[in-house]
Amino acid sequence: MQQVEWLAAWVPDEGATRGRELFSRTFDGESDGVWSAPGRVNVIGEHTDYNAGLCLPTALPHRTYVALRRRADDMVKLASAQTDEQWTASLADVAPGAVSGWGAYVAGVAWALREAGYPVGGFEATVDSCVPFGASLSSSAALECATAAALDATFELGLMDSVDGRRVLIAACIRAENEIAGAATGGLDHAAALLCQPGHALALDFRPGLPPDEFAQLTPFDLAAAGLTLLVIDSRAPHQLVDGQYAARRASCEQAAELLGVSSLREVPIDGLLTASEVLFDAVPNEAEAKLLCRRMRHVVTEIARTAEFIALVRTGLGSDGVPNEAAVTRAGELMNASHDSLRDDYEVTVRETDLAVEASRAAGAIGARMTGGGFGGSTIALVRAGEVDAVAAAVHAAFVDAGLTAPGFLLAPPSAAAF
Ligand code: GLA
């Protein structure tokens, strides 16, 4: 039988060397440097960022490397180890709806920084990455945030030096993704790629206008000390209708909030769900539509509550000296399981492959398992006792083979560093 496939991360030195070499093979001479940013997993708090809610991501050790050299004009010239398609445009021509292709993620960051008043000009850059692509592990945010770090250094913006400055870069990357690349994502991925730290999870609160120390709080998340491992499973399910479905979920949330007269679903307390559902049923004459809005709302409101409880558990500590705090770990697993079930039944963003990966992980002894990221394919995560990682991976692999599905890829995800 085919072996379990582990998707290894490059150590940063290897990524930097690859970046430098690709640059000098592609363009004449040396780059000004190599910058990188990680993919992420979201431990819990899914589809909450655009509802002013809570999320808890960690950075993957898998990173995207951008080697970049400043130019004296406004041209952007790009090449990538992942595609033969080179990308060239003048920054003057970059605008919403005006550019397409993978280079839009890179040039969009320069555009957004210029829009925010920062003196960014043209550049040549090459991209290389070990973040699995299209696996809900934020390969696009990794590319945007590595570009942001590179432009910050080469155009001497100084934004990487403080959390406030990094929030400017996060906002620029979000604009690049929303307005230039045309994907209506929230802020989770970029905040993770620019603010996470090794050994920590990042507790994010997306209520508008919060000061930096309330928006993003680094929380020690030393799973190894608790005798645990976070196993990531790339289900390799093909993404389908991703943009349309994601945008539809956002639209339902906005519609529900509007009908309830609140600025976001964050304002609906968990014990107010019943009353809020009654309001939606009164406001929406079509019963099927009303039911759908209620299910979407219930996911968001319960997910925010689960995330708050999970963050509290992590703050108290999941264990030490290799010994788990059993009560806390069991509860953390239950919250992860409930998150997945809610994403499957109420939010309807899971697919056969991600449901199978989760079920097989649980059956093989995972403490908790859930999909991570936007859904509609992509990856799942499993909280596993350190000694059981290989057994859980083998069981998930076998379940996919038995079902006649493409074998998944497996990643280890010790909480890693943000962009540098
Ligand atoms: C995608 C988006 C994020 C977030 C997640 C769901 O990853 O890019 O902004 O909405 O989906 O939690």
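So in this note's numbering, spot 5 of the sequence shown is number 5, and the numbers just go up one at a time. In this text, a Cβ means the ideal position worked out from N, Cα and C, and glycines have one as well. Being a predicted model, the structure only gives us computed values, none of them experimental.
The continuous alpha helix (DSSP H) containing Pro-212 extends over residues 212-215. When only Cα atoms are considered, Pro-57 and Ala-216 end up about 11 Å apart. In the structure shown, Arg-40 falls within a strand segment according to DSSP collapsed to helix, strand and coil.
Taking a cut-off of 5 Å from the heavy atoms of the ligand GLA, the residues with a C-beta inside it are Glu-46, His-47, Asp-49, Thr-185, Gly-186, Leu-188, Asp-189, Gly-373 and Gly-374. Counting the other Cβ atoms within 10 Å of the Cβ of Val-11 gives fewer than 16, which makes it exposed. Per the Cβ contact rule, the region 302-317 is not in contact with the region 275-284 (fewer than 3 Cβ pairs under 8 Å).
CA-CA distance, Gly-101 to Ala-417, rounds to 28 Å. Cβ contact annotation for Thr-126 (same chain, cutoff 6 Å, sequence separation greater than five): Leu-22, Phe-23, Thr-26, Ala-67 and Ala-79, in chain order. For Tyr-118, the secondary structure class from DSSP, reduced to helix, strand or coil, is coil.
Within the same chain, Val-168 and Ala-172 come within 7 Å of Ala-116 by CB-CB distance, once the 5 residues on both sides are set aside. Counting of Cβ neighbours within 10 angstroms places Ile-270 among the exposed residues, the total staying below 16. When C-beta atoms of the region 87-97 are compared with those of the region 350-362, fewer than three pairs fall below 8 Å, so the two segments do not count as touching. Counted as a single uninterrupted DSSP element, the stretch harbouring Leu-204 is not any alpha helix (DSSP H) but the beta strand (DSSP E) occupying residues 200-205. In this structure Pro-211 is exposed. Its beta-carbon is surrounded by fewer than 16 other beta-carbon atoms within 10 angstroms. Within its own chain, the residues whose Cβ lies closer than 6 Å to the Cβ of Arg-114, once the five positions on either side in sequence are excluded, are Val-120, listed in chain order. Secondary structure within the region 251-315: the alpha helix (DSSP H) runs of 4 or more consecutive residues, fully enclosed, are 273-283 (chain order). Note on geometry: alpha-carbon atoms of Gly-199 and His-62 lie some 15 Å from one another. Note: Ser-416 is bridge-paired with Ala-59 in the DSSP secondary-structure output. With respect to the C-alpha of Ala-226, the residue from Pro-414, Ala-419 and Asp-189 having the closest C-alpha is Pro-414. Take the alpha-carbon of Cys-55 and the one of Leu-231: they are about 19 Å apart. Contact annotation: the region 70-79 does not touch the region 330-345, with fewer than three C-beta pairs closer than 8 Å. Arg-69 sits in a strand when the DSSP states are folded into three classes.
Straight across, the Cα-Cα distance linking Ser-162 with Gly-39 is about 21 Å. Taking Asp-321 as the centre and dropping the five residues before and after it, the same chain places no C-beta closer than 6 Å to its C-beta. Scanning its chain for C-beta atoms nearer than 6 Å, with the 5 sequence neighbours on each side dropped, one finds around Glu-5 the residues Gly-409, in chain order.
Taking the Cα positions, Glu-124 is about 27 Å away from Thr-185.
Below 8 Å, enough C-beta pairs join the region 185-194 and the region 44-53 to call them touching: three or more. An exposed status is given to Phe-420, since fewer than 16 other beta-carbon atoms sit within 10 Å of its beta-carbon.
For Gly-368, the beta-bridge partners assigned by DSSP are Leu-383. Its chain contains Ala-184 as the residues whose beta carbon lies nearer than 6 Å to that of Ala-247, once the 5 sequence neighbours on both sides are disregarded; these appear in chain order. Going by beta carbons, Val-329 and Leu-318 fall inside the 9 Å limit. Note that the C-beta distance between Ala-193 and Ala-37 is below 9 Å.
The residue from Cys-145, Glu-267 and Ser-263 with its alpha-carbon nearest to that of Glu-177 is Cys-145. Excluding the 5 residues flanking it on each side, Ala-9 has same chain C-beta neighbours closer than 6 Å at Pro-61, His-62 and Cys-130, in chain order. Gly-209 and Cys-253 have their C-alpha atoms roughly 20 Å apart. For the set Asp-341, Gln-86 and Gly-375, the Cα lying nearest the Cα of Ser-235 is the one of Gly-375.
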